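These protein sequence lines map, in sequence, to chains Z and A.
Residue numbering for the first sequence follows this note's numbering, beginning at 1 and increasing consecutively.
Residue numbering for the second sequence follows this note's numbering, beginning at 1001 and increasing consecutively.
Here the structure is laid out as structure tokens; the discussion comes afterwards.
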Amino acid sequence: MRYELKDKPDFTIVHVDFEAPGEQILVESSAMVARAGGVGMQTQMKGGLLAAAKRKMLGGESIFQNTFTSTEAGQDLWLAPGPEGDVEVLELDGSSPVMLSSGAFLASAPSVNLDTKWAGSRGFFSGQGLFLLKAEGTGPLFFASYGGIHAVDVGPAGYICDTSHIVGFTGGLSYDVTKVGGLKSLFFSGEGLVCRFTGHGRLWIATRNPGALASFLEPYRRVERGSN
Amino acid sequence: MEVEIAYRPAHAMARVVLERDESIVAESGAMVGMSTNVQMQVQSGGLMKGLERMFGGESFFRNTFTASGGAGEVLLAHSLCGDMVAMEMTPTGYFVQSSAYIASTPNVNLDTKVGGFKTFFAGEGVFVLEATAAAAGKLVVGAFGGIQELSCDGNLVIDTGHLVAWDANLEYTVGKSGSGWIASFLSGEGLVCHFHGQGRIWIQTRNPAEYGTTVGRMLPPKKR
């Protein structure tokens, strides 16, 4: 399987070329844009009902994921996330897992195992959802974000990131949800809570967050008077 | 201090590299990420200043980010999709449409100005900030859409919803686009800014209020 990311970074689309019959890719529900006629699609709840429900409720992914299987070499498949923005791909080598924030998962090789990880009660206040999707195994992992994706190589000094801008990070990093500045800052700075990363690894940050767009649009909604 | 703008033009983000003890002042909520040795402090500059800012469509507070004990970086972004520009402060200074302001060096003085009685009803770019500095400094602004730098030589008319910033030596008045109020209203051009003089004007290629109106209509209505 070969792949290429096109129209980076604003409207990235993934073009997958299958090189042999029987090759497969697991894709987030509704991410398929186009596929060759010979590429088959199976819809499943990966890991069974319970695991799928857990992913949906906790990790923000859909209950169903689709597996696309080629029937011969030379067939292709196009994938894109819902919002405008970038897609990144990472070749997992089995040495370290990758944590993705809610909704960032786009596609992966079937040899990549996906599991919802309890981020602990500290995640509760982050407004980011309690759970992260843990991807481990070998093969390509595609993830997407609203806006651009900025990679930061976190060293011994650590790094701080606004919770609503985290796309994902490698397993070598651990984090704490904290506030920036003093108590006054928590309420008045508009920066809310941040994740303080420590350890060694890579962190992917989104340059925009969809919540800010939603807050911008909210005042433009029409107002409907109640019928009573 | 170095300001580097990446991911242009649709999702631009500024990476501000601070030397030890250097600071940058940023709009509340603009911080995306930063080094762990960067300290954030809230500054409101007093109740009146804060209130003035709030009426200007900005937030009540601004934050100061300072690198302590060594160099550090801060990542700053606009909330809407679009480009950003880092401008060098000039002796004349700039006027900035208030919601376009992202960040500035601490020596830049920011003063909220009311753009006149008429603009109050425009619902867009009502307030502007006057940014001035006695010495070299930087100002970072963000736009909705792309940014174009226009040069005004004489007269220029610009839709208020597309304004980002302009050289402070330009004279400006806010008014109607056509010759009469009815024609102006029917033209859909609403309020415009009439510029006079010589200087640069930065415009945004999309109008946030237009966008909000277009998309807002399609959203489920709020129940009251």
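Just so it is clear, CB atoms sit at the ideal spot from N, CA and C, and this is done for glycine as well.
All figures in this text were calculated on a predicted structure; none of them were measured in a lab.
Give the range of the alpha helix (DSSP H) segment to which residue i is assigned.
| i | result |
| --- | --- |
| residue 215/Z | 210–217 |
| residue 1214/A | 1208–1216 |
To which residues does DSSP link residue i through a beta bridge?
| i | result |
| --- | --- |
| residue 113/Z | 136/Z |
| residue 4/Z | 15/Z |
| residue 200/Z | In DSSP, residue 200/Z forms no bridge with anything. |
| residue 1022/A | DSSP, once it has assigned bridges, lists no residue as partnering residue 1022/A. |
| residue 195/Z | 161/Z and 177/Z |
| residue 1112/A | 1129/A |
| residue 166/Z | 205/Z |
| residue 84/Z | Looking at the DSSP assignment, residue 84/Z forms no beta bridge with any residue, so it has no partner. |
| residue 90/Z | 141/Z |
| residue 1015/A | 1004/A and 1075/A |
| residue 1142/A | 1084/A |
| residue 1094/A | 1131/A and 1167/A |
| residue 1038/A | 1067/A |
| residue 1101/A | 1141/A |
| residue 1031/A | 1076/A |
| residue 107/Z | 27/Z and 142/Z |
Could you name the residues of chain A that residue i contacts, counting a contact when the two beta carbons are closer than 8 Å?
| i | result |
| --- | --- |
| residue 224/Z | 1221, 1222, 1223 and 1224 |
| residue 10/Z | 1010 and 1011 |
| residue 152/Z | 1033 |
| residue 175/Z | In chain order: nothing, as chain A lies at least about 12 Å away. |
| residue 221/Z | 1216, 1219, 1220, 1221 and 1222 |
Would you say residue i reaches chain Z, if we count a Cβ-Cβ gap shorter than 8 Å as a contact?
| i | result |
| --- | --- |
| residue 1007/A | yes |
| residue 1010/A | yes |
| residue 1217/A | yes |
| residue 1152/A | no |
For residue i, which residues from the same chain have a beta carbon less than 8 Å from its beta carbon, with the 5 sequence-adjacent residues on both sides left out?
| i | result |
| --- | --- |
| residue 139/Z | 91, 92, 108, 109, 110, 111 and 112 |
| residue 1200/A | 1149, 1150, 1151, 1152, 1166 and 1167 |
| residue 1116/A | With a pLDDT of 49 at residue 1116/A, under the threshold of 50, the modelled position of this residue cannot be trusted; read the value that follows with caution. Cβ within range, chain order: 1173 and 1174. |
| residue 1192/A | 1157, 1158, 1159, 1160, 1174, 1175, 1176 and 1177 |
| residue 125/Z | In this predicted model, residue 125/Z has a pLDDT of only 46, less than 50, meaning its place in the structure is not dependable enough to derive any value. |
Who are the near neighbours of residue i in its chain, counting only those whose CB is closer than 6 Å to its CB and skipping five residues on each side?
| i | result |
| --- | --- |
| residue 80/Z | 13 and 33 |
| residue 1007/A | 1013 |
| residue 1009/A | 1083 and 1146 |
| residue 1210/A | none |
| residue 1094/A | 1131, 1165 and 1168 |
| residue 1162/A | 1203, 1204 and 1207 |
List, in chain order, every chain Z residue whose beta-carbon is nearer than 9 Å to that of residue i.
| i | result |
| --- | --- |
| residue 1205/A | Those within 9 Å of residue 1205/A in chain Z number zero; the least Cβ separation is about 14 Å. |
| residue 1035/A | 157, 158, 159 and 160 |
| residue 1080/A | 208, 212, 213 and 216 |
Give the residues of chain A in contact with residue i, contact being defined as C-beta atoms less than 7 Å apart.
| i | result |
| --- | --- |
| residue 178/Z | Within 7 Å Cβ-Cβ: nothing; residue 178/Z doesn't reach chain A, min ~11 Å. |
| residue 148/Z | 1007, 1011 and 1013 |
| residue 35/Z | Result: empty, since nearest Cβ-Cβ is about 27 Å, beyond 7 Å. |
Mind checking if residue i is an interface residue toward chain A, Cβ cutoff 8 Å exclusive?
| i | result |
| --- | --- |
| residue 13/Z | no |
| residue 85/Z | yes |
| residue 135/Z | no |
| residue 213/Z | yes |
| residue 165/Z | yes |
| residue 2/Z | no |
| residue 202/Z | no |
First and last residue of the beta strand (DSSP E) that includes residue i?
| i | result |
| --- | --- |
| residue 69/Z | 65–69 |
| residue 1131/A | 1127–1132 |
| residue 1159/A | 1147–1159 |
| residue 102/Z | Residue 102/Z -> no beta strand (DSSP E), and no H or E assigned at all. |
| residue 1162/A | From DSSP, residue 1162/A is part of no beta strand (DSSP E); its letter is neither H nor E. |
| residue 75/Z | Unbroken run through residue 75/Z: none, as it is neither H nor E. |
| residue 1191/A | 1191–1204 |
| residue 1002/A | 1002–1006 |
| residue 1172/A | 1171–1176 |
| residue 28/Z | 24–28 |
| residue 43/Z | 40–44 |
| residue 1066/A | 1062–1067 |
| residue 153/Z | 149–154 |
| residue 35/Z | 32–35 |
| residue 146/Z | It is not in any beta strand (DSSP E) - residue 146/Z carries neither H nor E in the DSSP assignment. |
In chain Z, which residues lie less than 7 Å from residue i when you measure between Cβ atoms?
| i | result |
| --- | --- |
| residue 1077/A | 207 and 208 |
Please list, in chain order, the chain B residues whose beta carbon lies closer than 9 Å to that of residue i.
| i | result |
| --- | --- |
| residue 1174/A | The question asks about chain B, but that chain is absent: this structure's protein chains are Z and A. |
Given that residue i touches chain A, what residues does it touch there, using C-beta distances under 9 Å?
| i | result |
| --- | --- |
| residue 217/Z | 1211, 1212, 1215, 1216 and 1219 |
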